[in-house]
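S.K.: To convert, take the position in the sequence shown, counting from 1, and add 72; that gives the numbering used here. Just so you know, even glycine gets a beta-carbon here, dropped at the ideal spot from N, CA and C. Mind looking over this structure? Questions follow.
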Amino acid sequence: MYKRQELLDDARAVRLALYGETPVAPGWRIGPSLLAEQSKDRYVKGDDYRWLTLNMRLANEINSNFEMAYELSWQTMDLDPKGYLQRNSVDGNFWKFTVAPTFKPDMGDLLTRPELRVFASLMNWSSDLDRYSTTGNFGKSDFSAGGVWQFGIQMETWF
73 MYKRQELLDD ARAVRLALYG ETPVAPGWRI GPSLLAEQSK DRYVKGDDYR WLTLNMRLAN
133 EINSNFEMAY ELSWQTMDLD PKGYLQRNSV DGNFWKFTVA PTFKPDMGDL LTRPELRVFA
193 SLMNWSSDLD RYSTTGNFGK SDFSAGGVWQ FGIQMETWF
């Protein structure tokens, strides 16, 4: 069994993040993004983590203080933790669809804050990911492939 630790001195990672936002019609914005990472020797020698995420957010400005946001994400993962924290090697993907009424003091671009968002998300994933961990959410008997709803409130602000 491995003790939780910081990154190894020889840890290597490359991460790519491409994102932006553009108007597509009066009151509508679209924000695509692509994120990817490949890392090796993070926590134990020989571990290997690879993932790629595609995301699309569509926002409709209803008035100067309220917008509706719709977001669709898909991620593929090939994770090989080499037994770190009793985690298993898995290869799979997940998707998530979110609807989020958003309140803000003023409309603007991607970085206009603060925002208060209420959200409902439906998420599903490959059953192979259920084997990743017996202690985290992926691995619990009541949190398995087949879909799960998530509800919440999110606040975003800049300091």
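Going by the CB atoms, is the gap between residue 225 and residue 190 shorter than 8 angstroms?
M.R.: On the sequence shown, residue 190 is found 118 positions in, with the first residue counted as 1. On the sequence shown, residue 225 is found 153 positions in, with the first residue counted as 1. Yes, Cβ-Cβ distance for residue 190 and residue 225 is below 8 angstroms.
S.K.: Can you give the Cα-Cα distance for residue 163 and residue 141, rounded to whole angstroms?
M.R.: In the sequence shown, the residue the question calls residue 163 occupies position 91. In the sequence shown, the residue the question calls residue 141 occupies position 69. So the two alpha carbons sit approximately 30 angstroms from each other.
S.K.: Which residues in the same chain have their Cβ closer than 6 angstroms to the Cβ of residue 195, if we skip the five residues on either side of it in sequence?
M.R.: Sequence index remark: in the sequence shown, residue 195 carries index 123 (1-based). Excluding residues within five positions, the ones whose Cβ falls inside 6 angstroms are 168, 220.
S.K.: How long is the line joining the alpha carbons of residue 161 and residue 117, rounded to whole angstroms?
M.R.: In the sequence shown, residue 161 corresponds to position 89, counting from 1. In the sequence shown, residue 117 corresponds to position 45, counting from 1. Between residue 161 and residue 117, the C-alpha separation is close to 14 angstroms.
S.K.: Whose CA, out of 146, 99, 121, lies closest to the CA of residue 84?
M.R.: Within the sequence shown, residue 84 is the residue found at index 12, counting from 1. Residue 84 has its Cα closest to that of 121, out of 146, 99, 121.
S.K.: Are residue 205 and residue 159 closer than 8 angstroms when you measure CB to CB?
M.R.: The count along the sequence shown starts at 1 and reaches residue 205 at position 133. The count along the sequence shown starts at 1 and reaches residue 159 at position 87. Yes, these two residues count as a Cβ contact at 8 angstroms.
S.K.: When you compare only the Cα positions, how much space is there between residue 131 and residue 90?
M.R.: Your numbering for residue 131 matches position 59 in the sequence shown. Your numbering for residue 90 matches position 18 in the sequence shown. Spanning the two alpha carbons is a distance of roughly 18 angstroms.
S.K.: Determine the direct distance from the alpha carbon of residue 95 to that of residue 78, and round the result to whole angstroms.
M.R.: If you number the sequence shown from 1, residue 78 lands on position 6. If you number the sequence shown from 1, residue 95 lands on position 23. Going by the C-alpha atoms only, they are around 42 angstroms apart.
S.K.: From residue 193 to residue 222, what does the alpha carbon distance come to, in whole angstroms?
M.R.: Mapped onto the sequence shown, residue 193 falls at position 121. Mapped onto the sequence shown, residue 222 falls at position 150. The alpha-carbon atoms of residue 193 and residue 222 are separated by roughly 5 angstroms.
S.K.: Relative to the C-alpha of residue 149, which residue among 230, 124, 113 is closest?
M.R.: Start at 1 with the first residue of the sequence shown, and residue 149 comes out as number 77. Out of 230, 124, 113, 124 has the C-alpha closest to the C-alpha of residue 149.
S.K.: Determine the burial state of residue 87: buried for a count of at least 16 other Cβ atoms within 10 Å of its Cβ, exposed for fewer.
M.R.: Residue 87 sits at position 15 when you count from the first residue of the sequence shown. Residue 87 comes out exposed.
S.K.: On a Cα-Cα basis, can you pick out the residue from 126, 207, 186, 203 that is closest to residue 152?
M.R.: Translated into the one-based positions of the sequence shown, residue 152 becomes position 80. Considering only alpha carbons, the answer is 203.
S.K.: Is DSSP giving residue 115 helix, strand or coil here?
M.R.: One-based indexing of the sequence shown puts residue 115 at position 43. Three-state result, residue 115: coil.
S.K.: By a C-beta neighbour count over all protein chains shown, 10 Å radius and 16 as the cutoff for buried, is residue 144 buried or exposed?
M.R.: If you number the sequence shown from 1, residue 144 lands on position 72. Exposed: under 16 other Cβ atoms inside 10 Å.
S.K.: Tell me the rounded alpha-carbon separation between residue 119 and residue 166.
M.R.: As a working mapping, residue 119 is identified with position 47 in the sequence shown. As a working mapping, residue 166 is identified with position 94 in the sequence shown. Near 21 angstroms, if we compare the C-alpha coordinates of residue 166 and residue 119.
S.K.: By alpha-carbon positions, which one of 98, 107, 157, 127 ends up nearest to residue 114?
M.R.: Sequence index remark: in the sequence shown, residue 114 carries index 42 (1-based). Answer by Cα proximity: 157.
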